[in-house]
Amino acid sequence: MAIAKPGKVLLHKIPLHFVHEKVSGGGKKGVDQSIPLVPFIDFLITLVVFLLMSFSASGELVAQQASITLPTAQNATPLEVAPIIAIDDRAVTLDGTRVADSATLAANADVSRIEQLIQNLNTVKQNWQVLHPGQDFPGMVIIQCDLNVDFRVIKKVMFSISQAGFPNISFAVNGTGEDAPAPAHGAEH
């Protein structure tokens, strides 16, 4: 017996005509395509849940961190979009990036610069100037500070903000007046 050239032999011996055409490659491509709908629907549900969680119907710009208890104020104005400096008993952060340790800042009574905060604010300022050529820099920043933070920390943060060239400082507060805006708005200083 001679050795035969290997080839496709699977399902060739089935006497049905349409099977023979499909196996031999002579069949035409199927018109119906199956679309995997389950992963697509899962993706859409995830997207909708994410958008609902991040949507704010009241127009709030400041997302209050869980570790921060904001002070209350009767006279408050709505905040604008600006970099947010959050100060709690553990750390000072700029838009979620840690720039200093609150305990270290509170230990020293001297008013000193927070170099990492100044560098990050200068980067924010340069990015704004690139995105808005020819416009005056507003220099606005929002401070979101816990009630129990030592004032020396706030003083050093405010000094560093002014050193970076941000003259407009707003504090995020919870409004309490009758005509007060929604929580997490602040008064400008």
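Just so you know, the sequence shown maps onto residues 44 to 232 in my numbering.
Beta carbons: idealized from backbone N, C-alpha and C, even for Gly.
These numbers come from a predicted model, not from an experiment.
Under the three-state reduction of DSSP, Arg156 is assigned to coil, being neither helix nor strand.
The C-alpha of Ser77 is placed about 45 Å away from the C-alpha of Leu174. With contact defined as three or more Cβ pairs closer than 8 Å, the segment 189 to 202 and the segment 79 to 93 are not in contact. In the three-state scheme derived from DSSP, where H, G and I count as helix and E and B as strand, Asp131 is classed as coil. Taken through DSSP and simplified to helix, strand or coil, Gln187 comes out as strand. One thing to note: Asn163 has its Cβ within 9 Å of the Cβ of Leu137.
Residue burial is scored here from C-beta neighbours: Gly218 has at least 16 other C-beta atoms within 10 angstroms and is therefore classed as buried. Secondary structure of Thr120 (DSSP, three-state): strand. Where Ser145 is concerned, the enclosing alpha helix (DSSP H) starts and stops at Ser145 to Ala150. Residue environment: Ala150 is assigned as exposed (fewer than 16 neighbouring CB atoms within 10 Å of its CB, all protein chains considered).
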